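Peer 1: Quick note: the sequence shown, position 131, residue 131 per the UniProt record's numbering, numbers continuous.
C-beta: ideal position from N, C-alpha, C; glycine also.
Predicted, not measured: the structure shown is a model, and the values here were computed from it.
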Amino acid sequence: MAAMVGVKLEMIQSALCKKASENVMGDARYQRLLWYNLFGAISPPLRQLDQIYQIRKLPISLTIPRIDILSCVEKEMKFFGKLFRPLPSEEFYFFHLLRHSHVRAEPVVDWMKEILDLMEKHLSDAPGIMVKLFDRYKDGLKKLIGLNNFELGMRVIGEMVRRTKSNENILNIVNAWIIDDIIQQIQTSNDVNIFCDTLQLFSTPSNALIFKILEIPQLISDNRLLHFYIDIMKKMGFCFVLIKLSNII
Numbered sequence: 001m002a003a004m005v006g007v008k009l010e011m012i013q014s015a016l017c018k019k020a021s022e023n024v025m026g027d028a029r030y031q032r033l034l035w036y037n038l039f040g041a042i043s044p045p046l047r048q049l050d051q052i053y054q055i056r057k058l059p060i061s062l063t064i065p066r067i068d069i070l071s072c073v074e075k076e077m078k079f080f081g082k083l084f085r086p087l088p089s090e091e092f093y094f095f096h097l098l099r100h101s102h103v104r105a106e107p108v109v110d111w112m113k114e115i116l117d118l119m120e121k122h123l124s125d126a127p128g129i130m131v132k133l134f135d136r137y138k139d140g141l142k143k144l145i146g147l148n149n150f151e152l153g154m155r156v157i158g159e160m161v162r163r164t165k166s167n168e169n170i171l172n173i174v175n176a177w178i179i180d181d182i183i184q185q186i187q188t189s190n191d192v193n194i195f196c197d198t199l200q201l202f203s204t205p206s207n208a209l210i211f212k213i214l215e216i217p218q219l220i221s222d223n224r225l226l227h228f229y230i231d232i233m234k235k236m237g238f239c240f241v242l243i244k245l246s247n248i249i
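1. Kindly say whether Phe80, judged by its beta-carbon, lies nearer than 9 Å to any beta-carbon of chain C.
2. For the structure I just gave you, are there three or more beta carbon pairs, one from the region 10-23 and one from the region 69-83, closer than 8 Å?
3. Whose C-beta lies closer than 6 Å to the C-beta of Met1 among residues of the same chain, with five residues either side of it excluded?
4. Report the three-state DSSP secondary structure of Asn175 (helix, strand or coil).
5. So Ile178 and Leu209 are supposed to be a Cβ contact under 8 Å. How far apart are they, rounded?
6. What residue range is occupied by the uninterrupted alpha helix (DSSP H) comprising Val24?
7. Measure from the alpha carbon of Glu151 to the alpha carbon of each residue in Val161, Gln187, Asp117, then state which is nearest.
8. The alpha helix (DSSP H) that contains residue 317, what's its start and end?
9. Report all residues from its chain with a CB closer than 8 Å to the CB of Ile55; omit the five preceding and five following residues, and keep chain order.
10. Using three-state DSSP, classify Tyr36 as helix, strand or coil.
11. Do Glu159 and Val109 have their C-beta atoms within less than 9 Å of each other?
12. Return the residue from the list Tyr137, Ile69, Val174 that minimises the CA-CA distance to Met154.
13. Looking at the structure shown, is Glu215 part of a helix, part of a strand, or coil, going by DSSP?
14. Please name the residue, chosen from Gln48, Val24, Leu118, that lies closest to Glu10 on a Cα-to-Cα basis.
15. Phe94 and Met112: beta carbons closer than 9 Å?
16. Helix, strand or coil: which one does DSSP assign to Phe80?
17. Check each candidate in Ala28, Ser206, Leu133 and name the one with the smallest Cα separation from Asp231.
18. Output yes or no for whether 9 Å exceeds the beta carbon distance between Arg224 and Cys196.
19. Within 10 Å of its beta-carbon, does Ala41 have 16 or more other beta-carbons around it, so buried, or fewer, so exposed?
20. Can you look up Asn169 in the DSSP assignment and give me helix, strand or coil?
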């Protein structure tokens, strides 16, 4: 009997996957995804990886009214957010936002904030879920902030750090992004203000980032970063930091 039920559930899940993969208009695809996720909570996960790939591979136009999409996404999170879902609709929406970021970066960041707000509202472990989400899509996020738009990049980094409550894994990711690219874009006093304000969200910047900051003339004399220099002196020793500084200067 149990085996028969399992087979029936798998058949239903396959049919729902096909429906959720179709190129339909409006928010219908998210409505179908909701049903797929609902049955996915009680279905055997035998083919779910293949099904998820099938659902994700067809792009969704961002011209669809967002209010309708967000309504479907919020409904799923509100009523089924505690259940196992093969492809949570909030992740599906986030994934498709990043697919469009190369042409519409600034509105994509605004729309990303909307979905993160809903996650904080309805998901009890929102920070932990966001850690996994940001880590899974870190390449897409890096592409989003790598468009030579300093203010936009720091805004995304600030959201990631704040939403995950300075999670160590996320800090490691954004520290590397800042060192590799973003810090080189600092030019104006406004850039300095944005950078310093965002860095206050960091529990502890990496040593490598602090030493990189010391290479930027606009930053080295800013008192807002002084406590980071003191912290690194305590950890690594005053003489070591002086040697590093002498090499930089």
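Peer 2: For this structure:
1. Protein chains in the displayed structure number just one, and chain C is not present.
2. Note that the region 10-23 does not touch the region 69-83; fewer than 3 beta-carbon pairs, one per stretch, sit closer than 8 Å.
3. Reliability of the predicted coordinates at Met1 is poor, the pLDDT of 47 falling under 50, and no value is obtained from them.
4. Asn175 carries a helical assignment under DSSP once its states are collapsed to helix, strand and coil.
5. Yes, Ile178 and Leu209 are in contact; Cβ-Cβ is about 6 Å, under 8 Å.
6. Under the DSSP assignment, Val24 falls outside any alpha helix (DSSP H); it carries neither an H nor an E label.
7. Comparing Cα positions, the closest option is Gln187.
8. No answer is possible for residue 317: it lies beyond the span of the chain, which begins at 1 and ends at 249.
9. Cys17, Ala20, Ser21, Leu33, Tyr36, Leu87, Phe92.
10. Three-state DSSP puts Tyr36 in a helix.
11. Judged by beta-carbon spacing, Val109 lies within the 9 Å limit of Glu159, meaning their Cβ atoms are closer than that value.
12. The closest CA to that of Met154, considering only Tyr137, Ile69, Val174, is found on Val174.
13. The answer is coil: DSSP assigns Glu215 none of H, G, I, E or B.
14. Comparing C-alpha distances from Glu10 to each of Gln48, Val24, Leu118 shows the shortest one belongs to Gln48.
15. A distance below 9 Å separates the beta carbons of Phe94 and Met112.
16. Correct three-state label for Phe80: helix.
17. Closest option to Asp231, Cα to Cα, is Ser206.
18. Arg224 places its beta carbon less than 9 Å from that of Cys196.
19. So Ala41 ends up on the exposed side.
20. Of the three classes helix, strand and coil, the one that applies to Asn169 here is helix, per DSSP.
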